[in-house]
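J.: Submitted below is the structure of interest, expressed as structure tokens.
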Amino acid sequence: MAPSLAQAYRRRWWMAVTAIMENLLFSAVLLGWASLLIMLKNEGFYSHLCIENETVLTNETAVEESGWRSCVEQDEILNLGFTIGSFLLSAATLPLGILMDRYGPRPLRLVGSSCFAASCAMMAVAAYDPAVLSVLIFFAVSFNGFGGICLTFTSLTVSPTISSRYRSTSATSSGSFPASEVTFHLIYDVGVSFRLIMWVWTGMACMVFLNCYLNWPGESFPAPEDNRYTSVQPLHENLTLIQSYESGTSQLEHNPRASVPFCQSVCSPIFLWSILTMAVTQLRLIFFMGAMNKMIEFLVMHGDPHHTRLKMSFPVGFYSSIFGAIQLLCLLTCPLIGYIMDWRMEECEAEDPNTPMNLRYNGCKNSRDRKIQKLTNAIKAFIFTNLLLVVFGIISLIDNLPLQVVSFVLHTIVRGFVHSCCGGLYAAVYPANHFGTLTGLQSMISAAFALLQQPLFILMVGHLSGDAYWINVGLLILSLACFLLPGYLFYHRKNLIREKAHRDTATAQPGTDNVLTQSESGLSQTQANGLSA
């Protein structure tokens with residue numbers, strides 16, 4: 001039997017801490033593909049392709065320190081597995097959001113932990129005879145990506161139960177998601193065998209399943225604004241929770257934003273511009289993760305075919321380890337973007353959907369409009385993130401291997417920032433009941449666009465002989481399109497400020513009830529269009 005919501009609330013700290021630990025160990029192992037790729041090649045996955053093509057590509061085939069052969073064909077087929085897994089890691093958010101709204105986080109977390117355990121078990125089994133069982137890697141990375149996003153997506157629902165630490169808990173959960181990629185390689189470098197690591201992770205994933213079964217409730221956790229947990233009485237906890245839940249849901253019925261058709265939110269200009277920004281950013285980040293080892297090899301070789309694999313293996317492994325360790329920065333950078341998105345929000349006037357419009361704007365003249373301030377913060381966050389993305393692209397063009405450590409740092413920061421920026425923007429301009437579906441739809445479209453990284457990778461290792469310079473130039477130019485979103489948001493912010501000035505002028509004059517009614521109707525229409533022009 002699943003615990004009740006009241007029982008889960010009493011265990012909220014246990015659930016929050018274990019969710020963060022589970023994110024650190026399981027959620028996004030695929031994002032550390034540079035490190036995982038080295039392990040897979042050391043274990044001989046698809047090395048038989050190099051033996052089959054040895055007579056044709058003798059100068060392209062090399063022997064790793066482990067004794068297994070390595071070649072371009074092996075890189076291409078393994079990168080295809082990464083492409084599939086990373087696609088599922090992002091694209092699954094849409095169906096997960098819909099299912100979680102309907103069934104709650106518990107069943108999804110149970111399925112996610114089961115998929116992750118199955119993925120680790122398949123990789124362990126395949127490592128016993130990689131010449132025959134290498135094909136299992138495609139199923140393993142697919143289960144790994146889907147299981148990881150299930151764990152991450154559901155862990156974010158615990159944060160609202162800790163109202164006093166909501167922002168910190170949410171940011172830590174988000175930061176622990178990409179930081180999980182470092183765990184495998186750190187243990188592997190110590191000398192623990194790949195198969196043992198996979199079997200141990202299989203067992204720990206089963207413990208995640210058991211923890212969820214015993215502690216996670218059958219119904220969804222409340223959103224922060226629902227106030228389900230803020231007035232709990234010690235003697236009547238169950239009754240209070242039920243009453244608060246009912247009052248929270250009844251408020252939604254009076255919220256005019258909840259009646260906005262979903263199709264209007266999807267077709268709004270802000271959502272379309274956000275898809276362009278997120279798709280370009282996702283492609284840029286995913287291509288770098290998939291091609292990083294080959295780019296490091298090229299910086300070492302500079303196109304010289306006489307370099308031996310032993311000379312390349314050390315710098316590739318060394319910089320891959322640095323890249324993995326830098327991912328822990330997400331635990332520090334994700335709270336930073338949270339502060340940018342919440343900047344000066346405490347000075348804003350409250351948004352109570354039940355408050356009449358003629359009373360809502362009679363407050364202090366120095367108070368800030370909450371919607372305008374959210375939009376202002378989103379503009380600053382996107383501009384800052386896009387600038388970092390451009391600087392990251394410029395550094396990637398420089399032929400200096402130690403300098404690429406800076407690009408690792410920027411890659412980590414941008415990856416942690418961009419999703420928080422997008423989520424904050426959607427929360428500011430769209431109805432709350434559209435948030436999950438819009439976020440999932442955006443992630444699915446961005447993941448589909450990021451599939452282009454596979455043909456780009458094939459082009460790099462084939463026609464361009466491992467030189468990613470011109471691909472990086474093209475992606476840098478494409479990254480400039482990300483500034484179109486904050487530019488459009490700035491234009492809409494001016495329109496909102498103008499509307500607020502008209503409302504303030506109307507409320508300052510007597511006998512303006514009709515004007516206020518028309519203003520409220522106009523505001524609802526603006527919200528229905530997602531702040532469209």
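Residues 1 to 533 in full-length UniProt numbering are what the sequence shown lists, from first letter to last. Note that the Cβ used here is the ideal one computed from N, Cα and C, for glycine as well.
#1: Which runs of the alpha helix (DSSP H), 4 residues or longer, sit entirely within the stretch 443 to 519?
#2: Going by DSSP, what residue range makes up the alpha helix (DSSP H) through Q74?
#3: When the Cα of T152 is compared with those of K294, V72, L5 and V29, which residue comes out closest?
#4: Can you give me the Cβ contacts of V111 inside the same chain, cut-off strictly under 7 Å, excluding the 5 residues immediately before and after it?
#5: When the distance is taken between beta carbons, is L5 closer than 9 Å to P261?
#6: For N215 and R102, what's the separation of their Cα atoms in angstroms?
#7: Have a look at T439 and G145 and give me their C-alpha separation to the nearest angstrom.
#8: Note down the Cα distance separating F323 from L410, rounded to an integer number of angstroms.
#9: Which same chain residues end up closer than 7 Å to W343 when comparing Cβ atoms and leaving out the 5 residues on each side of it in sequence?
#10: Out of curiosity, what's the CA-to-CA distance linking W13 and Q454?
#11: Are the stretch 191 to 208 and the stretch 120 to 134 in contact at 8 Å, needing three or more beta carbon pairs?
#12: Could you tell me if C263 is buried or exposed, where buried requires 16 or more neighbouring beta carbons within 10 angstroms of its beta carbon?
#13: With DSSP as the reference, label V190 as helix, strand or coil.
#14: Is the beta carbon of residue 605 sitting closer than 9 Å to the one on N400?
#15: Would you mind stating whether G416 and I337 have Cβ atoms separated by less than 9 Å?
#16: Tell me the DSSP secondary structure of E43 in three-state form.
#17: Spatial neighbours of T58 within its chain, please: CB distance less than 8 Å, with the 5 preceding and 5 following residues excluded, ordered by chain position.
#18: Can you give me the C-alpha to C-alpha distance between D75 and G32, rounded to a whole angstrom?
#19: Expressed to the nearest angstrom, what Euclidean distance is found between the alpha-carbon atoms of G487 and A447?
#20: Just to check my reading of the structure: Y319 and I296 have Cβ atoms closer than 8 Å, yes? What is that Cβ distance to the nearest angstrom?
#21: I need the DSSP call for V135, collapsed to helix, strand or coil.
#22: Drop a sphere of 10 angstroms on the beta-carbon of K494, count the other beta-carbons inside from all chains shown, and report buried for 16 or more, exposed for fewer.
T.: Looking at the atomic coordinates:
#1: As far as the stretch 443 to 519 is concerned, its whole alpha helix (DSSP H) runs of at least 4 residues are 453 to 461, 469 to 479 and 484 to 507.
#2: First-last of the alpha helix (DSSP H) with Q74: V72 to A91.
#3: With distances taken between Cα atoms, T152 lies closest to V29.
#4: Correct list, in chain order: C150.
#5: Taking 9 Å as the Cβ cut-off, P261 and L5 do not qualify as a contacting pair.
#6: Between N215 and R102, the C-alpha separation is close to 19 Å.
#7: In this structure, the straight-line span from the alpha carbon of T439 to that of G145 is close to 18 Å.
#8: In this structure, the straight-line span from the alpha carbon of F323 to that of L410 is close to 11 Å.
#9: For W343, the CB contacts under 7 Å within the same chain, skipping 5 residues up- and downstream, are N377 in chain order.
#10: Per the coordinates, the alpha-carbon of W13 lies some 42 Å from the alpha-carbon of Q454.
#11: The stretch 191 to 208, when compared against the stretch 120 to 134, does touch it at the 8 Å Cβ threshold.
#12: The residue is exposed, with fewer than 16 neighbouring Cβ atoms inside 10 Å.
#13: Looking at V190 - three-state DSSP - the assignment turns out to be helix.
#14: There is simply no residue 605 to check, as the chain begins at 1 and stops at 533 in what is shown.
#15: In contact: G416 and I337 (Cβ atoms closer than 9 Å).
#16: In this structure, E43 counts as coil in the three-state DSSP scheme.
#17: For T58, the pLDDT reaches just 39, beneath the cut-off of 50, and the residue's location in the model is therefore unreliable, although a value from the coordinates is still provided. There are no such residues.
#18: Separation of D75 and G32 (C-alpha to C-alpha, rounded to the nearest whole angstrom) is 16 Å.
#19: The alpha-carbon atoms of G487 and A447 are separated by roughly 24 Å.
#20: Contact between Y319 and I296 holds, since their C-beta atoms are separated by about 5 Å, short of 8 Å.
#21: Three-state DSSP puts V135 in coil, outside helix and strand.
#22: Exposed: under 16 other Cβ atoms inside 10 Å.
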